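Below is one structure, written out as structure tokens; the observations come after it.
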Amino acid sequence: MDDLIRKLSSYAKLSRIDHGVMASLAVVAGAFSVENTLQSISNSSLLLAVTSVLFVEMSLFASNDIFNIKEDKINNPTRPIVAGELSTREAVAFTFITGLIAVLTSAMVNTACLVVIIVALVVGNLYNSYFKRHAFFGNIIVSGLTSFTFPYGAISIAGTLTEKSILFFMIAFLANLGREIAKGIRDLEGDTRVGICTLPCEIGTNNAGKLAGIFMLMAVALSFYGANYVKTKPVYLVLILVTDAIFTYVAIKLIHNPSTQTAEKARKLTLPAMLNAIIAFTLP
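First residue of the sequence shown: 6, per our numbering; consecutive thereafter.
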């Protein structure tokens with residue numbers, strides 16, 4: 006039993022299940038942009054959409070670790086494959102199975118959702134295997150895939166996009182873009198040692214830190230506009246101000262001191278801040 010628990014824990018770590026849960030909540034927020042009611046939760050289309058996003062995230066994160074073994078030996082030696090907790094064969098099987106579940110569940114929602122999930126799997130795996138080496142373009146891909154969970158939620162209910170879901174996509178995209186650049190600063194040493202030149206390598210950590218901070222501050226500014234799309238404005242503003250305070254603090258630190266330590270701190274602080282923002286986005 007202990008071995009089984011350890012194995013399941015390794016798979017959870019491989020798939021970064023916490024990110025998958027956040028992505029699932031973003032789908033709910035996107036769905037609420039169509040139907041501002043908790044009754045949407047009982048909608049089978051939404052449940053299937055949440056499941057498909059959860060599993061596509063799991064598949065792509067597992068795929069990332071498969072293609073990232075050399076870098077992880079330097080940057081993240083505790084990752085499951087590098088640490089020997091899971092074999093590459095096990096990770097490949099997990100990637101395929103979770104990806105297949107994502108496709109099948111999205112097909113049960115509607116054709117648009119199926120297309121989105123297939124495109125996400127193709128583009129995500131292209132990033133993991135190739136586009137990560139293309140600096141800023143790679144950051145844009147990751148940020149776009151992560152943030153499209155909001156429009157995906159709207160598509161699962163209405164079959165089309167809503168203004169509210171597009172706004173939340175834009176806020177999340179800018180915040181994620183800043184966060185991805187910061188992660189590039191953190192991983193700079195390991196990436197360059199295996200021949201990968203990300204944005205901080207191309208333009209320098211000082212410029213990369215400034216750019217990351219600017220994108221985060223743009224997300225902060227845009228987040229206030231979201232109050233126009235909710236009825237419970239005071240609650241939204243209280244929640245979003247907490248997130249904005251964290252992102253503003255992180256942005257200033259990155260602009261003035263874009264060190265590896267600052268970038269790692271930015272990564273840790275912004276994840277719960279983003280979760281708080283997603284909760285704000287679910288408000289009616």
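Built from N, CA and C at the ideal position, the CB exists for glycine as well.
Treat the numbers as computed from the prediction; the structure is a model and nothing was measured.
Helix, strand or coil at residue i according to DSSP, with G and I counted as helix
{"i": "C202", "result": "coil"}
{"i": "H139", "result": "coil"}
{"i": "E90", "result": "coil"}
{"i": "F99", "result": "helix"}
{"i": "S45", "result": "With a pLDDT of 49 at S45, under the threshold of 50, the modelled position of this residue cannot be trusted; read the value that follows with caution. Reduced to three states, the DSSP call for S45 is helix."}
{"i": "S57", "result": "helix"}
{"i": "S38", "result": "coil"}
{"i": "L276", "result": "helix"}
{"i": "L65", "result": "helix"}
{"i": "K78", "result": "helix"}
{"i": "R84", "result": "coil"}
{"i": "V235", "result": "coil"}
{"i": "R21", "result": "coil"}
{"i": "L288", "result": "coil"}
{"i": "N73", "result": "coil"}
{"i": "M6", "result": "coil"}
Beta-carbon separation (whole angstroms), residue i vs residue j, contact threshold 8 Å
{"i": "V225", "j": "T253", "result": "6 Å"}
{"i": "M221", "j": "V247", "result": "In fact, because the Cβ distance is near 15 Å, the residues do not count as touching under 8 Å."}
{"i": "I176", "j": "G231", "result": "7 Å"}
{"i": "I260", "j": "K215", "result": "5 Å"}
CA-to-CA distance, residue j to residue i, given in whole angstroms
{"i": "V124", "j": "K137", "result": "17 Å"}
{"i": "L19", "j": "G25", "result": "11 Å"}
{"i": "L300", "j": "C206", "result": "The structure shown does not extend to residue 300, since the chain is modelled only from 6 to 289, so the question has no answer here."}
{"i": "A67", "j": "L91", "result": "11 Å"}
{"i": "G158", "j": "A31", "result": "7 Å"}
{"i": "S98", "j": "L52", "result": "The sequence shown places Ala at residue 98, rather than the Ser named in the question. Using only the alpha carbons, I get a separation of about 25 Å."}
{"i": "F173", "j": "A28", "result": "13 Å"}
{"i": "S264", "j": "I190", "result": "7 Å"}
{"i": "Y241", "j": "L288", "result": "7 Å"}
{"i": "P239", "j": "A217", "result": "29 Å"}
{"i": "R184", "j": "I160", "result": "26 Å"}
{"i": "S228", "j": "V87", "result": "39 Å"}
{"i": "L148", "j": "L182", "result": "Before going further, note that residue 148 is Ser rather than Leu in the sequence given. In a straight line, the C-alpha of S148 is about 5 Å away from that of L182."}
{"i": "S3", "j": "V120", "result": "For residue 3 there is no data in the structure shown, the boundaries of the chain being 6 and 289."}
{"i": "M223", "j": "L179", "result": "7 Å"}
Per-residue burial, residue i [other beta carbons within 10 Å of its own, 16 or more giving buried]
{"i": "E168", "result": "exposed"}
{"i": "G129", "result": "buried"}
{"i": "T56", "result": "buried"}
{"i": "N262", "result": "exposed"}
{"i": "G89", "result": "exposed"}
{"i": "P82", "result": "exposed"}
{"i": "M6", "result": "exposed"}
{"i": "D70", "result": "buried"}
{"i": "T165", "result": "exposed"}
{"i": "Y132", "result": "buried"}
{"i": "G200", "result": "exposed"}
To test your reading of the DSSP string, which unbroken alpha helix (DSSP H) runs of 4 or more residues are found completely within the segment 168 to 224? 168 to 191, 193 to 198, 204 to 208
Within the segment 112 to 168, note down every full alpha helix (DSSP H) run reaching 4 residues or more, in order along the chain. 116 to 134, 140 to 152, 154 to 163
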